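Protein chains: 2
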Amino acid sequence: MDLNNDQPFEQMHFVEEVGLMFELIGMPRMSGRIFGWLLISEPPQQSNTALAEVLQASKGSISTMTRFLIQLGLVERVSVPGDRRDYFQIKAHAWSQLTKQRLVQIGEFRKLAARGLDLMTSAPPQYKRRLQEMHDIHAFWERELPLVDERWEQEEAKQRIGKDT
Amino acid sequence: MDLNNDQPFEQMHFVEEVGLMFELIGMPRMSGRIFGWLLISEPPQQSNTALAEVLQASKGSISTMTRFLIQLGLVERVSVPGDRRDYFQIKAHAWSQLTKQRLVQIGEFRKLAARGLDLMTSAPPQYKRRLQEMHDIHAFWERELPLVDERWEQEEAKQRIGKDT
DNA sequence: CTAAATGTTCAGTAAACACTGAACATTTAG
DNA sequence: CTAAATGTTCAGTGTTTACTGAACATTTAG
Numbered sequence: 071m072d073l074n075n076d077q078p079f080e081q082m083h084f085v086e087e088v089g090l091m092f093e094l095i096g097m098p099r100m101s102g103r104i105f106g107w108l109l110i111s112e113p114p115q116q117s118n119t120a121l122a123e124v125l126q127a128s129k130g131s132i133s134t135m136t137r138f139l140i141q142l143g144l145v146e147r148v149s150v151p152g153d154r155r156d157y158f159q160i161k162a163h164a165w166s167q168l169t170k171q172r173l174v175q176i177g178e179f180r181k182l183a184a185r186g187l188d189l190m191t192s193a194p195p196q197y198k199r200r201l202q203e204m205h206d207i208h209a210f211w212e213r214e215l216p217l218v219d220e221r222w223e224q225e226e227a228k229q230r231i232g233k234d235t
Numbered sequence: 071m072d073l074n075n076d077q078p079f080e081q082m083h084f085v086e087e088v089g090l091m092f093e094l095i096g097m098p099r100m101s102g103r104i105f106g107w108l109l110i111s112e113p114p115q116q117s118n119t120a121l122a123e124v125l126q127a128s129k130g131s132i133s134t135m136t137r138f139l140i141q142l143g144l145v146e147r148v149s150v151p152g153d154r155r156d157y158f159q160i161k162a163h164a165w166s167q168l169t170k171q172r173l174v175q176i177g178e179f180r181k182l183a184a185r186g187l188d189l190m191t192s193a194p195p196q197y198k199r200r201l202q203e204m205h206d207i208h209a210f211w212e213r214e215l216p217l218v219d220e221r222w223e224q225e226e227a228k229q230r231i232g233k234d235t
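Quick note, the sequences are listed as chains A and B, same order. Take 71 as the starting number for the first sequence in my numbering and just add one per residue. Take 71 as the starting number for the second sequence in my numbering and just add one per residue.
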């Protein structure tokens, strides 16, 4: 393990754990490390160069992965007048973005089930149940997910009252 | 592309699409192919040998991936008296199983956020917002997901009335 | 018993993927 | 203009992962 940097061990451990978590859900570990560091860094804005140094990673990797995180909607690029460096920070409502992504996935699964049913029009009804269930549950979540997400946003807005912005 | 089997092109295309979908969500493509075929096969029960033949895959791969699907709770093994082959079929309520898996993941994210907040006890409050939001939204989903899932099971039970089992 | 059929395990291989580091592009300062 | 700083792209490399095929185990049939 290369600990040739001056970050407290616990912070780097946290970063590594977020990396492993991201890997678990099918994303590059390095994207998780970046996200992890952006969760705890002070200040929350960090430059490409700073990230490369803290995470002991190549510029190329950082560049690719920050773009990946931006594309996911989890991170945003911020620039400061008179400073040509780009800074990155966690996007507000990053997690709702992920929910929206998930919604697309659910839609794909529903469509796939529908296409499967098309292939089985002449099959006995009990053979179609598997696909029918797959179709119906995804159609159900496609309806419900946005409603729950909306409730979250209302609840969050309520909490923010009295805590300024 | 090896089409050295007598399955209609459209069925194999469907199988391949399910394979790609599984890959997209971080699972082995072959596990998706097996699941895809089990969605449309007639009958819904298929033996290890039959799967290997239809999908043009090795016995080893099929053996490993069926166990993987069983472990996920998506597929179950069924045996027939007087037939020593094992058969596999899609499990009823397979998708609710996946929801339960997802719930565990959400819990892990919430805990991770909590651990992050522990590292920042002495940081200025506005720096803690990122982690606070991460924590709160996951705690929210941890409460809501089981409720929505329960509603689905009720709705499904309603639909089954009049359609026998 | 042997032979055939079914299934699992695992070492080795092939393919996919993350990551590095160098070359290149662009901007800013002087 | 040049030099330094920042950022991107991409070919090559190393690692991880999926997959194959062979050896082995187990069951059934004859």
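Built from N, CA and C at the ideal position, the CB exists for glycine as well. Predicted model only: the values in this text are computed from it and were never measured.
Between the alpha carbons of A:Thr119 and A:His163, how many angstroms are there, rounded?
25 Å
Cut-off 6 Å between Cβ atoms - residues of its own chain near A:Arg103, not counting five sequence neighbours on either side:
Val85, Gly89, Leu125
Are the segment 181-194 of chain A and the segment 202-219 of chain A touching by the rule of at least three beta carbon pairs closer than 8 Å?
yes
Helix or strand or just coil, what does DSSP make of A:Met71?
Its pLDDT being 41, under 50, A:Met71 is placed unreliably by the model, and the measurement read from it follows with that caveat. A:Met71 falls in the coil class under three-state DSSP.
Check the Cβ of B:Ile104 against every Cβ in chain A and list those closer than 7 Å, keeping chain order.
The premise fails here: B:Ile104 is roughly 13 Å from chain A at the closest Cβ pair, so nothing lies under 7 Å.
With 16 other Cβ atoms within 10 Å as the buried cut-off, status of B:Val174
exposed
Is A:Leu109 close to chain B, meaning its C-beta is less than 7 Å from at least one C-beta of that chain?
yes
Can you tell me where the alpha helix (DSSP H) holding A:Ser133 begins and where it ends?
129-142
Is there a Cβ of chain B sitting closer than 7 Å to that of A:Tyr197, yes or no?
yes
Please list the partners that B:Gly130 has in chain A, where partner means a Cβ-to-Cβ separation under 8 Å.
Correct list: empty, because the minimum Cβ distance to chain A is about 24 Å.
Counting only the same chain and skipping the five closest in sequence on each side, list residues whose C-beta sits under 8 Å from that of B:Gln159.
Leu108, Pro114, Gln115, Gln116, Val145, Glu146, Val148
Take the Cβ of B:Gly106 as the centre, count every other Cβ of all protein chains shown within 10 Å, and call the residue buried at 16 or more, exposed below.
buried
Using alpha carbons as the reference points, say which of B:Leu121, B:Gly177, B:Thr169 lies closest to B:Tyr157.
B:Leu121
Less than 7 Å separating the beta-carbons of B:Ser131 and B:Met100?
yes
Taking any Cβ of chain B, which residues in the segment 77-105 of chain A have a Cβ under 7 Å from it, in chain order?
Glu80, Gln81, Phe84, Glu87, Val88, Met91, Ile95, Gly96
Short CB-CB distance (under 7 Å) between A:Val174 and chain B:
no
List the residues of chain A that B:Ala193 touches, going by C-beta distances under 9 Å, in chain order.
Ile110, Glu112
C-alpha distance - B:Trp165 paired with A:Arg154, whole-angstrom precision
49 Å
Using the rule of at least 16 other Cβ atoms within 10 Å of the residue's Cβ for burial, across every protein chain shown, is B:Ser192 buried or exposed?
exposed
Within 7 Å (strictly less), CB to CB, does B:Ile160 reach chain A?
yes
Assigned exposure category for B:Lys228 - 16 Cβ within 10 Å defines buried
exposed
Taking Cβ positions only, does B:Arg213 come closer than 7 Å to chain A?
no
Residue burial classification, A:Ile231 (beta-carbon count within 10 angstroms, cutoff 16)
exposed
Comparing the C-beta of A:Ser117 with each C-beta of chain B, is any distance below 7 Å?
no
For the alpha helix (DSSP H) containing B:Glu86, name the first residue and the last one.
79-94
For A:Asp188, count neighbouring C-beta atoms within 10 Å of its own C-beta (all shown protein chains included) and say buried if the count is 16 or more, exposed if not.
exposed
Where does the unbroken alpha helix (DSSP H) through B:Ile110 begin, and where does it stop?
99-110
Reducing DSSP to helix, strand and coil, say where A:Gln116 ends up.
strand
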